[in-house]
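Below is one structure, written out as structure tokens, with a few remarks after it.
Residue numbers (this note's numbering): 835 to 1072.
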């Protein structure tokens, strides 16, 4: 039923497992065919297409960044996937909205759409009430490569300010929780999504403000397949 349909779907790339538009990997024709296949799948659910907003965030294997980086860490921020590859998906949404209007959806109905965003991107929910930052990057592995480890762990506890409680002894012993706390505190304290050297993660300085986390959003969603699932709240940001 319409009352149970979610407000939005968020799909974070890369949308191909191999770098697109490289000589030995996925060609432009094959890359477009992948999105055509996605359009065929989405077309089986016209109610979702006519009533929901799909937000699609690219990854390092997506065009155009992969054409010169070959799947390596590209220059941030990443541009949206070009429309020339996603035209079939746009047609699927247009067909679903047209069918909904014929069935008497009403003029005031909010139509579904597919929004191809940059990486990272900001999503505003209900005006200025809530703001969500979406970021697709392998932050966990990059943090581990730059970590300094000592023979004896420090005995003091660094609490996550007033929004987070002091970790228990069990939490301190869990390396995943320790890494999650370090990642959260580093990103939010520095107010930047890429606190690394330019050799590790290049930045396009003309658009570097897109990586800023000031002011802090309501929530920050980091998609990192090399890290576990966790939720933390720090300085009012989830």
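The C-beta atom is built at its ideal place from N, Cα and C for all residues, glycine as well.
Note that the coordinates shown come from a computational prediction; the quantities given were computed from them, not determined experimentally.
**Message:** Using the three-state DSSP reduction, which class does residue 931 fall into: helix, strand or coil?
**Reply:** In the structure shown, residue 931 sits in a helix (DSSP, three-state: H, G or I).
**Item:** Rounded C-alpha distance that separates residue 1010 from residue 983
**Value:** 15 Å
**Item:** Same chain, Cβ closer than 7 Å to residue 952, neighbours up to 5 away in sequence not counted
**Value:** 911, 912, 913, 914, 1044
**Item:** Where residue 1105 sits in the DSSP three-state scheme
**Value:** The structure shown does not extend to residue 1105, since the chain spans only 835 to 1072, so no value can be given for it.
**Prompt:** Roughly how many angstroms separate the alpha carbons of residue 955 and residue 890, rounded to a whole number?
**Reply:** 10 Å
**Item:** Nearest candidate by alpha-carbon position, reference residue 946, set 879, 852, 1051
**Value:** 879
**Item:** Assigned secondary structure, residue 835 (DSSP; H/G/I helix, E/B strand, else coil)
**Value:** coil
**Message:** If we require 4 or more residues per run, which alpha helix (DSSP H) segments fall completely within the stretch 933-988?
**Reply:** 973-979
**Message:** Buried or exposed for residue 980, going by 16 or more other Cβ atoms inside 10 Å?
**Reply:** exposed
**Request:** List the endpoints of the continuous alpha helix (DSSP H) containing residue 846.
**Result:** That residue, residue 846, is in no alpha helix (DSSP H); its beta strand (DSSP E) goes 842-846.
**Request:** May I ask which residues mark the beginning and end of the beta strand (DSSP E) holding residue 1053?
**Result:** 1053-1057
**Prompt:** With DSSP run on the structure shown, which of helix, strand or coil describes residue 1041?
**Reply:** helix
**Request:** Using alpha carbons as the reference points, say which of 888, 865, 867 lies closest to residue 840.
**Result:** 888
**Item:** Cβ-Cβ separation, residue 855 to residue 900 (assumed contact under 8 Å), whole Å
**Value:** 6 Å
**Unbroken alpha helix (DSSP H) run spanning residue 1018, endpoints** = 1009-1024
**Message:** Could you tell me the alpha carbon to alpha carbon distance between residue 996 and residue 1069, rounded to whole angstroms?
**Reply:** A caution first: residue 996 carries a pLDDT of 46, below 50, which makes its placement in the model too unreliable to give a value.
**Request:** Evaluate residue 849 with the Cβ neighbour count: other Cβ atoms within 10 Å of its Cβ, from every protein chain shown; 16 or more gives buried, anything less gives exposed.
**Result:** buried
**C-alpha distance - residue 999 paired with residue 919, whole-angstrom precision** = Reliability of the predicted coordinates at residue 999 is poor, the pLDDT of 46 falling under 50, and no value is obtained from them.
**Request:** Work out the CA separation of residue 846 and residue 1063 for me, nearest whole Å.
**Result:** 15 Å
**Message:** Can you tell me whether residue 888 is helix, strand or coil according to DSSP?
**Reply:** strand
**Item:** Supposed close pair residue 924, residue 948 - CB separation, criterion 8 Å
**Value:** With a Cβ gap of about 7 Å, residue 924 and residue 948 count as contacting.
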